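K.L.:
What the sequence shown shows, in this note's numbering, is residues 309 to 482, in sequence order. Cβ atoms here follow ideal geometry from the backbone N, Cα and C, with glycine treated the same way. Since this is a predicted model, take the numbers as computed values, not measurements. Got a structure here, written out as structure tokens. Questions coming.
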Amino acid sequence: LDLQNILVDKAGNVTGIIDWDGAFAAPRCLGPAAVPKFLQRDWFPDDDNRIFDESPYMAWNVEYYRKIYAAALMQAEKSSTHAKSDMSKYTLKSPIYQAALSALYEGGDPWDFTDRILRELPGIRNDPLYFKVKLGVGWPAAEAMLRREIHKLCEPALPDEKFLLELDVEVEIE
Numbered sequence: 309l310d311l312q313n314i315l316v317d318k319a320g321n322v323t324g325i326i327d328w329d330g331a332f333a334a335p336r337c338l339g340p341a342a343v344p345k346f347l348q349r350d351w352f353p354d355d356d357n358r359i360f361d362e363s364p365y366m367a368w369n370v371e372y373y374r375k376i377y378a379a380a381l382m383q384a385e386k387s388s389t390h391a392k393s394d395m396s397k398y399t400l401k402s403p404i405y406q407a408a409l410s411a412l413y414e415g416g417d418p419w420d421f422t423d424r425i426l427r428e429l430p431g432i433r434n435d436p437l438y439f440k441v442k443l444g445v446g447w448p449a450a451e452a453m454l455r456r457e458i459h460k461l462c463e464p465a466l467p468d469e470k471f472l473l474e475l476d477v478e479v480e481i482e
């Protein structure tokens, strides 16, 4: 949605929105609570190389930047005078949710997505393909472990409430 697609009257009231191509209704974890696309790049295969070449930030710090974004959203929610919201609990994990949606419904790469998920799980250090092949022939213990660990990986989480305060102190020191 670009600014030129929002129609307003002279008083600044929104009177219409045009050009809805690509718009969709989404759950909070994929919509309003999600980090911007440039903070999701580490979860998408097309961006593997561009993340180092074109990103305005250090690619190895993407989780740190997501934490700043989530903490700022959490702070905005707490200071809001409107109905209380808990959307920010989805922000840190939103790249995972978005990558899953993409792999399933938007022409993403399911093999790449499952590789990335496996690499995030504790204790899995071998080749994801080998692990998937073994899983495919029947491996009940690994299936139980995957159910447990993937649930933990995808569990909504909030950054520490003091994160932004500590960040301010860190910036002042530098």
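Have a look at the DSSP bridge pairing and note the partners of Gly324.
P.N.:
In the sequence shown, the residue the question calls residue 324 occupies position 16. For Gly324, which the question treats as bridged, DSSP gives the partners Leu315.
K.L.:
Does the pairing of the stretch 448-465 with the stretch 426-433 give three or more beta-carbon distances under 8 angstroms?
P.N.:
Cβ pair count under 8 angstroms is three or more, so yes.
K.L.:
With three or more beta-carbon pairs closer than 8 angstroms as the criterion, would you say the stretch 338-348 touches the stretch 391-399?
P.N.:
Verdict: yes, contact present.
K.L.:
Taking the continuous alpha helix (DSSP H) assigned at Glu428, which residues delimit it?
P.N.:
Taking the sequence shown and counting its residues from 1, the one referred to as residue 428 is at position 120. Residues 418-428.
K.L.:
Please report the distance separating the alpha-carbon of Leu311 from that of Ile326.
P.N.:
As a working note, residue 311 is residue 3 in the sequence shown. As a working note, residue 326 is residue 18 in the sequence shown. If you take the alpha carbons of Leu311 and Ile326, they lie about 10 angstroms apart.
K.L.:
At which residues does the alpha helix (DSSP H) containing Met395 begin and terminate?
P.N.:
Translated into positions along the sequence shown, residue 395 becomes position 87. Taken as a continuous stretch (DSSP letters only), Met395 belongs to no alpha helix (DSSP H), as it is neither H nor E.
K.L.:
Cutting at 8 angstroms between CB atoms, please list the residues of its own chain near Val322, excluding the five before and the five after it.
P.N.:
On the sequence shown, residue 322 is found 14 positions in, with the first residue counted as 1. Around Val322: Ile314, Leu315, Val316.
K.L.:
On the criterion of 16 or more Cβ atoms from any shown chain inside 10 Å, does Ala378 qualify as buried, or is it exposed?
P.N.:
Residue numbering aside, residue 378 sits at position 70 when the sequence shown is read from its first letter. Ala378 is buried by the Cβ-count criterion.
K.L.:
So, Pro436 versus Gln348, is the Cβ gap smaller than 8 angstroms?
P.N.:
The sequence position of residue 436 within the sequence shown is 128, counting from 1. The sequence position of residue 348 within the sequence shown is 40, counting from 1. No.
K.L.:
Taking the alpha helix (DSSP H) that Leu338 belongs to, which residues open and close that run?
P.N.:
Residue 338 sits at position 30 when you count from the first residue of the sequence shown. Looking at the DSSP string, Leu338 is not in any alpha helix (DSSP H), and its letter there is neither H nor E.
K.L.:
For Pro448, count neighbouring C-beta atoms within 10 Å of its own C-beta (all shown protein chains included) and say buried if the count is 16 or more, exposed if not.
P.N.:
Working through the sequence shown from its first residue, we reach residue 448 at position 140. Exposed.
K.L.:
Is it right to say Phe332 is buried, meaning 16 or more other beta carbons lie within 10 angstroms of its own, or is it exposed?
P.N.:
The count along the sequence shown starts at 1 and reaches residue 332 at position 24. Phe332 is exposed by the Cβ-count criterion.
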